[in-house]
């Protein structure tokens, strides 16, 4: 099913830079800078709002243009230094949804200068069998930077130290949630569909409660919104050979279109338009399994008098861990589907029946 | 009134998919409203009356949506796994029937429960629509369903699925029909997506920018065997909300409702609901804040496929709402 086209060297480089950057919620400057570097030759202006969202507008041509907001979040899950205990040992808090079982033994980077460090773990030689069955509580975990890092202070951010790699037809790295979405929007800014007014929001603080998207949607006041994120693929075979019916979405099967998650229902008219476009253009797609979770659409669609929204995600395995894995084909097909769908938005879309 | 409730409750419209109920209600109220519109979230908004010198802009909200189920996976044998829309009580599902909005009907089955000390989880349940395999199954991931259960007239009481909140909608439809004269500009808003987080009420309140907000919704009762203590009883009249899990009703609204009920000799109860909330919460915190309250219709077995209300409570709720709208509002 995967298409044979691949990402250009330049596109891969951008995704690599984005994935390797550090931008925990509330401190998204590094990613913002990369986006501006990449997009400023293509745009006449931009705005950074009071919360740090990067807002870029590209006007279309022709009459009766629909105003479409496109959102992808810049922030990632990570850590924040809370106490300097001396000798390079630091206590920390988590930021966003972090599974504590994932942490011991992981390489991290800390602060603006990306100081390398490690979340320490007691080696197997010195632990009991019982201890190894238990999750180590956050209060017992430390980041170890070694002595001499005087410039690291409580409040400094930290994240996984993983370096991005392309592995054959896949991409492996940290923060693919949602740097892949950011990459898609950058690609779109470089080649925008001309029939609509585009309002790009690179949002902040998604991982801590969809906060940036809320204010971005209020100020843009669009007619409708597309949210591009990365959603977990839990598509490995089950241990007992039973059919896996909680896969959320599957790698390599194309963009995952949402109909509902814990925070919003995708507008049925937008779901229909997106699905019909995928079928017409022969772009592989899948429906993400409805259930919990939420994207920026959760806070966008209830702004002002309501903004019909849809989420489309690039499937990614191992989200919110040190290393996620996504398929290049899924990235390309998401970009393709988004472009084709935006191009085919009818001016009267909001007058259509919403069933 | 009973026929109105029958029509409204037997319509299938889970949250986010309110198309059918919206067109049903629209057909009922079109002759009585001054203006009708649908907003971006699908709320149905009927305006009635002009705001006079002594009047206010009043928003009434009853939600059109009902709890339901959404298909999350069709397995190789054609069984449908699902997730809930709104607060689904798993105990009420086993053996029940559902209807998808494309008309397909099915029943809810479950995997054998091998350990009764474990509580039921949604992953153990599935919907059987009589399909042989994934290919033949007429349902795809994301399709929504609601309970299939007809309205039954028990005399003084009636039961149906989706009484929450079609009975609130019925009260609003009836109040609009009986509307005589009012100093207020009244917006009858039939809201969407209440069961998943008061989403439609928040956006419609932003659009209307009302001076007073009142929701019409059901509330629980404490009158069934070994029920959790609650001072609301079926048949004792509309419950004037003072507090619920999401809102402290504006005390001036509470006092005004009580004054009007007493003046018109309408029976009423004072409601404190632990857990749960209504559209009034979203209206109350819209824009710069809106004085808000709620008239609750007492209802047994809320969020089960057979919700029961007392027809006198419905009538008295309608009377209370109509009386509230008759005169200038002094808070």
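Chains as they are written, first to last, in the numbering used here: chain S, 1204 to 1558; chain E, 29 to 359. For glycine and all other residues, C-beta sits at the position ideal for the given N, C-alpha and C. None of these values were measured; they are calculated from a predicted model.
- Segment contact: the region 1415 to 1422 of chain S against the region 1251 to 1270 of chain S, three or more CB-CB distances shorter than 8 Å; contact assigned.
- Residue 234 of chain E has a beta carbon lying within less than 8 Å of a beta carbon in chain S.
- In this structure, DSSP gives residue 1462 of chain S a state outside helix and strand, which the three-state scheme calls coil.
- Listed along chain E are 68, each with a C-beta nearer than 9 Å to that of residue 1553 of chain S.
- Apart from sequence neighbours up to five positions away, the residues of its chain that approach residue 1457 of chain S with a beta-carbon distance below 7 Å are 1486, 1487, 1488, 1489, 1533 and 1536, ordered along the chain.
- Only exposed fits residue 1443 of chain S, as fewer than 16 other CB atoms lie within 10 angstroms of its CB.
- Residue 1367 of chain S carries a coil assignment under DSSP once its states are collapsed to helix, strand and coil.
- About 12 Å separates the beta carbons of residue 1312 of chain S and residue 1378 of chain S, which is beyond the 8 Å limit, so they are not a contact pair.
- Rounded to the nearest whole angstrom, the C-alpha separation of residue 1247 of chain S and residue 1260 of chain S is 9 Å.
- When the Cα atoms are used, residue 243 of chain E and residue 1282 of chain S turn out to be separated by approximately 43 Å.
- If you look at residue 128 of chain E, you'll find it in the beta strand (DSSP E) that goes 125 to 128.
- Apart from sequence neighbours up to five positions away, the residues of its chain that approach residue 1524 of chain S with a beta-carbon distance below 6 Å are 1305, ordered along the chain.
- Going by C-alpha positions, residue 195 of chain E is about 21 Å away from residue 275 of chain E.
- Cβ contact annotation for residue 203 of chain E (same chain, cutoff 6 Å, sequence separation greater than five): 346, 349 and 350, in chain order.
- A straight-line Cα-Cα distance of about 40 Å links residue 150 of chain E and residue 237 of chain E.
- The beta carbon of residue 1508 of chain S falls within 8 Å of a beta carbon belonging to chain E, placing the residue at that interface.
- Scanning its chain for C-beta atoms nearer than 7 Å, with the 5 sequence neighbours on each side dropped, one finds around residue 1546 of chain S the residues 1396 and 1398, in chain order.
- The beta carbon of residue 1267 of chain S sits closer than 7 Å to those of 1550, all from its chain and outside the five residues before and after it, given in chain order.
- A direct Cα-Cα distance of roughly 8 Å separates residue 1468 of chain S from residue 1461 of chain S.
- With respect to chain S, the C-beta atom of residue 231 of chain E has a partner C-beta closer than 8 Å.
- DSSP places residue 141 of chain E outside any alpha helix (DSSP H), giving it a letter other than H or E.
- Of S:1354, S:1286 and S:1393, the smallest CA-CA separation from residue 1342 of chain S is found for S:1286.
- Beta-bridge annotation (DSSP): residue 1475 of chain S is not paired with any residue.
- The residues 1228, 1229, 1278, 1298 and 1299, in chain order, have a CB closer than 8 Å to that of residue 1411 of chain S in the same chain once the five nearest residues on each side in sequence are set aside.
- Residues of the region 1482 to 1507 of chain S with a C-beta less than 7 Å from any C-beta of chain E: 1490, 1492, 1493, 1494, 1505 and 1507, listed in chain order.
- For residue 1249 of chain S, the closest Cβ of chain E is not nearer than 8 Å.
- Interface residue (Cβ-Cβ distance to chain S less than 8 Å): residue 156 of chain E is not classified as such.
- In the structure shown, the three-state DSSP call for residue 1535 of chain S is helix.
- In terms of Cα proximity to residue 1507 of chain S, the closest of S:1334, S:1264 and S:1427 is S:1427.
- Taking CB atoms only, residue 227 of chain E has a neighbour in chain S less than 8 Å away.
- Residues of chain S whose Cβ lies closer than 7 Å to the Cβ of residue 44 of chain E are, in chain order, 1463 and 1468.
- When S:1220, S:1263, S:1455 and S:1274 are compared, the shortest CA-CA separation from residue 1414 of chain S is found for S:1274.
- For residue 324 of chain E, the enclosing beta strand (DSSP E) has its first and last residue at 320 to 326.
- Legend: CB atoms of the region 165 to 198 of chain E lying less than 9 Å from CB atoms of chain S belong to residues 168, 169, 170, 171 and 172.
- One finds 1468 in chain S with Cβ atoms closer than 8 Å to the Cβ of residue 221 of chain E, taken in chain order.
- Excluding five sequence positions before and after residue 46 of chain E, the CB atoms of its chain that fall closer than 6 Å to its own CB belong to 70, 92, 93 and 220, given in chain order.
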